[in-house]
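Residue numbers (our numbering): 57 to 226. First the structure, in the form of structure tokens, and then the observations on it.
This is the structure:
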């Protein structure tokens, strides 16, 4: 019975390969998968950079606190911390390749031993700036929050040229 039906449809009997519609469908699916994987990769890479930035800020502030305890100084920079082997050389740059700056200075009116730590990351992508701000706030202890004078703002993250992330602790 199948033989008679098959004879009436000769185009199916002799077809070899794929039709244009099938090839286009496969290409469309492949393109969608590539686009989704690139977006996922970019999001994962940014999350890793934000995590690295949070860790870097924490370690810089901790190292600055240690350094100021045994070295009386009126100012302290990242280079000083690197020279004291308290942080790695790579901390001169932030995870996005921009400059990382520590300005730690003595202010006699400050209640927390007179020291003010100001960490700045330059050239942070706008999409990562707000994430970095939120993550640093989440990792802070209550003591940190009490001594924190100012913090990066949405306005800093929205700058047109080279957004700057600023973290300042008294």
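C-beta: ideal position from N, C-alpha, C; glycine also.
Three-state secondary structure assigned by DSSP to residue i
i           : result
residue 141 : coil
residue 75  : coil
residue 180 : coil
residue 174 : strand
Spatial neighbours of residue i in its chain, beta-carbon cut-off 7 Å, leaving aside the 5 residues before and after
i           : result
residue 120 : 132, 137, 158, 160 and 173
residue 140 : 123
residue 142 : 119, 122 and 123
Residue-chain proximity (residue i, chain C), Cβ-Cβ < 8 Å
i           : result
residue 136 : Absent from the structure is chain C; it holds one protein chain and no more.
Contact belief for residue i with residue j at Cβ below 8 Å, rounded distance in angstroms
i           : j           : result
residue 104 : residue 184 : No, residue 104 and residue 184 are not in contact; Cβ-Cβ is about 10 Å, not under 8 Å.
residue 180 : residue 150 : 7 Å
Contacts around residue i, its chain only, beta-carbon distance under 8 Å, and the 5 residues preceding and following it disregarded
i           : result
residue 195 : 110 and 114
residue 154 : 177, 178, 179, 180 and 218
Backbone CA spacing between residue i and residue j [nearest angstrom]
i           : j           : result
residue 144 : residue 182 : 26 Å
residue 89  : residue 100 : 16 Å
residue 117 : residue 123 : 10 Å
residue 107 : residue 87  : 30 Å
residue 188 : residue 152 : 12 Å
residue 85  : residue 156 : 43 Å
residue 96  : residue 83  : 20 Å
residue 94  : residue 81  : 20 Å
residue 72  : residue 79  : 13 Å
Proximity test, residue i beta-carbon vs the ligand GTP heavy atom, cut-off 7 Å
i           : result
residue 184 : Looking at this structure, you won't find the ligand GTP or any other ligand, since it has none at all.
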